[in-house]
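Asker: So the sequence lines, in the order shown, correspond to chains A and B. If you count the first sequence from 1, position 53 lands on 53 in UniProt numbering, and the numbers rise without skipping. If you count the second sequence from 1, position 125 lands on 125 in UniProt numbering, and the numbers rise without skipping.
Number of protein chains: 2
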Amino acid sequence: MLSRIIFYSIDKAIRTYRKLAQTNIDRAGIAITIDQWLVLRVIEEDQSLTQTEIAERVLKDQASVARMIALLLKHGLLASEPVAHDARRTRLQVTPQGQATLAAVEPVILRNRAQALQGISEEELATLRRLLERIYLNCST
Amino acid sequence: MLSRIIFYSIDKAIRTYRKLAQTNIDRAGIAITIDQWLVLRVIEEDQSLTQTEIAERVLKDQASVARMIALLLKHGLLASEPVAHDARRTRLQVTPQGQATLAAVEPVILRNRAQALQGISEEELATLRRLLERIYLNCST
DNA sequence: GCAACCTCTATGACATATCATATGTCTTTA
DNA sequence: TAAAGACATATGATATGTCATAGAGGTTGC
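1) Would a check of beta-carbon distances place N138(A) closer than 7 Å to chain B?
2) Does DSSP put Q118(B) in a helix, in a strand, or in coil?
3) Check this for me: beta carbons of A70(B) and Q62(B), under 7 Å apart or not?
4) Do you know offhand how far K19(A)'s Cα is from A28(A)'s?
5) How many angstroms separate the CA atom of L132(A) from the CA atom of P96(A)?
6) Given this structure, state the Cα-to-Cα distance separating D46(B) from A114(B), to the nearest angstrom.
7) Excluding the 5 residues flanking I30(A) on each side, which residues of the same chain have their C-beta closer than 7 Å to its C-beta?
8) Comparing the C-beta of D11(B) with each C-beta of chain A, is any distance below 7 Å?
9) Would you kindly report the start and end of the unbroken alpha helix (DSSP H) that includes S48(B)?
10) Note down the Cα distance separating L77(A) from H85(A), rounded to an integer number of angstroms.
11) Could you list which residues in chain B have their beta carbon closer than 7 Å to that of Q118(A), in chain order?
12) Could you check whether the Cβ of K74(A) sits closer than 6 Å to any heavy atom belonging to the ligand SAM?
13) Nearest to L40(B) by alpha carbon, out of I10(B), T90(B), A87(B), V94(B)?
14) For the putative contact between I6(A) and L125(B), defined by C-beta atoms under 8 Å, what is the C-beta separation to the nearest angstrom?
15) Determine the extent of the alpha helix (DSSP H) in which T73(B) is found, giving its start and end residues.
16) Kindly give me the distance between the Cβ atoms of M68(B) and Q36(B), rounded to whole angstroms, as I take these residues to be in contact under 8 Å.
17) Output needed for L38(A): all residues of its chain with C-beta closer than 6 Å, excluding positions within five of it in sequence on either side, in chain order.
18) Helix or strand or just coil, what does DSSP make of A21(B)?
19) Give a yes or no on whether the C-beta atoms belonging to I34(A) and I14(B) are separated by under 7 Å.
20) Please classify K12(B): is it buried, with 16 or more other beta-carbons within 10 angstroms of its beta-carbon, or exposed?
21) Rounded to the nearest angstrom, what separates R88(A) and V42(A) at their Cα positions?
22) Check for me: the beta strand (DSSP E) holding A79(B) runs from which residue to which?
23) Bridge partners of V94(A), per DSSP?
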């Protein structure tokens, strides 16, 4: 039975959460994917990050991040300007439109999380986090 | 901090596990993706399933399953034949090559799981499963 | 200084995720 | 039984995941 496999449960939980999150963002009339939102949010926090560093923070590949950034630029949520001391890079900036999108998404995400974690205590959450971290460490070595 | 968000932990755990699994399959010289393997395995268990039913079992979209089946057919791991009473469908069969692939992957998967779950007790696993199931239910309603 | 090496970004190739829809085929209902 | 609805599969469009690599630009060591 697939349902007895823990990785199946993990996959099911995260997929269902992602679907809920994206549905609610769409329903709020916001034109962004959750993955793009995550990247945008990380850039907002620190605009000096390289794509590789962004990729590490959001657990994605540099190639994926490059394409998401290209889309965010195309959609006007990000702007880029050259960096003086390093011609390989560009400095990314969240545009006012990007800021507005972040602000609009924030409450939706908070509601999603609250819904997803209903009936789960802080202690259980800590346990969950600890076990998942253990799996992560077991897999990375 | 992203690391404080539980969905980040879930995502990190499952991604790292998937990467470990795929790396070990590749390293064993087996030409199949984990997703294709999962589909092939489900078909082996019940060859009368429709694509939609397979998709439900493996938590994927019918469109994704259709494309994976197309690849499995192309690679010779599956064969299809018409179904007498319903012209919409085809009956899928795991070929000998498919059987061999499943047999070769099995021990790799078992080793992966054992590695990923090192140091986690049966009781903790049950807790993990219960919490993830709760998140899933919270998100599906 | 410059050769070897490393970093940053972009992109090709292929697989998957998701939604929408097309097409053909049952099935049900008026 | 014909029309309407449901179902099975395929596919277009777009986004992401992953690996590999190209191409331009830094950095280091000699």
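From the three backbone atoms N, C-alpha and C, an ideal C-beta is built for every residue, glycine too. Keep in mind the model is a prediction, meaning the values are calculated, not measured.
Answerer: On the basis of the coordinates in this document:
1) Taking the first residue of the first sequence as 1, we reach residue 138(A) at position 138. It does; some Cβ of chain B falls within 7 Å.
2) By 1-based counting over the second sequence, the position of residue 118(B) is 118. Coil at Q118(B), not helix or strand.
3) What you label residue 70(B) is simply residue 70 of the second sequence in a count that begins at 1. What you label residue 62(B) is simply residue 62 of the second sequence in a count that begins at 1. No, these two residues do not count as a Cβ contact at 7 Å.
4) Residue mapping note: residue 19(A) aligns to position 19 of the first sequence, counting from 1. Residue mapping note: residue 28(A) aligns to position 28 of the first sequence, counting from 1. Those two C-alpha atoms are separated by around 14 Å.
5) Locating residue 132(A) in the first sequence gives position 132, counting from the first residue. Locating residue 96(A) in the first sequence gives position 96, counting from the first residue. Distance between the alpha carbons of L132(A) and P96(A): 37 Å.
6) The residue you call residue 46(B) lines up with position 46 of the second sequence. The residue you call residue 114(B) lines up with position 114 of the second sequence. Distance between the alpha carbons of D46(B) and A114(B): 27 Å.
7) Counting from 1 along the first sequence, the entry for residue 30(A) is found at position 30. The answer, listed in chain order, is T101, A104, V105.
8) Here residue 11(B) is taken as the residue at index 11 of the second sequence, counted from 1. Answer yes: the Cβ-Cβ gap between D11(B) and chain A drops below 7 Å somewhere.
9) Within the second sequence, residue 48(B) is the residue found at index 48, counting from 1. That residue, S48(B), is in no alpha helix (DSSP H); it is neither H nor E in DSSP.
10) Within the first sequence, residue 77(A) is the residue found at index 77, counting from 1. Within the first sequence, residue 85(A) is the residue found at index 85, counting from 1. When rounded, the distance between both Cα atoms is 25 Å.
11) On the first sequence, residue 118(A) is found 118 positions in, with the first residue counted as 1. Under the 7 Å cutoff, chain B gives N138.
12) As presented, the structure is devoid of all ligands, the ligand SAM included, so that no description of it is given.
13) Translated into the one-based positions of the second sequence, residue 40(B) becomes position 40. Selected option, being the one with the closest Cα: V94(B).
14) The sequence position of residue 6(A) within the first sequence is 6, counting from 1. The sequence position of residue 125(B) within the second sequence is 125, counting from 1. Yes, I6(A) and L125(B) are in contact; Cβ-Cβ is about 6 Å, under 8 Å.
15) Residue mapping note: residue 73(B) aligns to position 73 of the second sequence, counting from 1. The question names Thr, yet the displayed sequence has Leu at residue 73(B). Residues 62 to 74.
16) Locating residue 68(B) in the second sequence gives position 68, where the first residue counts as 1. Locating residue 36(B) in the second sequence gives position 36, where the first residue counts as 1. Right, their Cβ atoms sit about 5 Å apart.
17) Start at 1 with the first residue of the first sequence, and residue 38(A) comes out as number 38. The residues are V58.
18) Taking the second sequence and counting its residues from 1, one reaches residue 21(B) at position 21. In the structure shown, A21(B) sits in a helix (DSSP, three-state: H, G or I).
19) Taking the first sequence and counting its residues from 1, the one referred to as residue 34(A) is at position 34. Taking the second sequence and counting its residues from 1, the one referred to as residue 14(B) is at position 14. Not closer than 7 Å, so no.
20) Taking the first residue of the second sequence as 1, we reach residue 12(B) at position 12. Buried, since its Cβ has 16 or more Cβ neighbours within 10 Å.
21) Reading the first sequence from its first residue, position 88 is the one you call residue 88(A). Reading the first sequence from its first residue, position 42 is the one you call residue 42(A). Taking the straight line from one Cα to the other gives about 20 Å.
22) Taking the first residue of the second sequence as 1, we reach residue 79(B) at position 79. Where A79(B) is concerned, the enclosing beta strand (DSSP E) stretches over 78 to 82.
23) One-based indexing of the first sequence puts residue 94(A) at position 94. DSSP output for V94(A) lists L78(A) as bridge partner(s).
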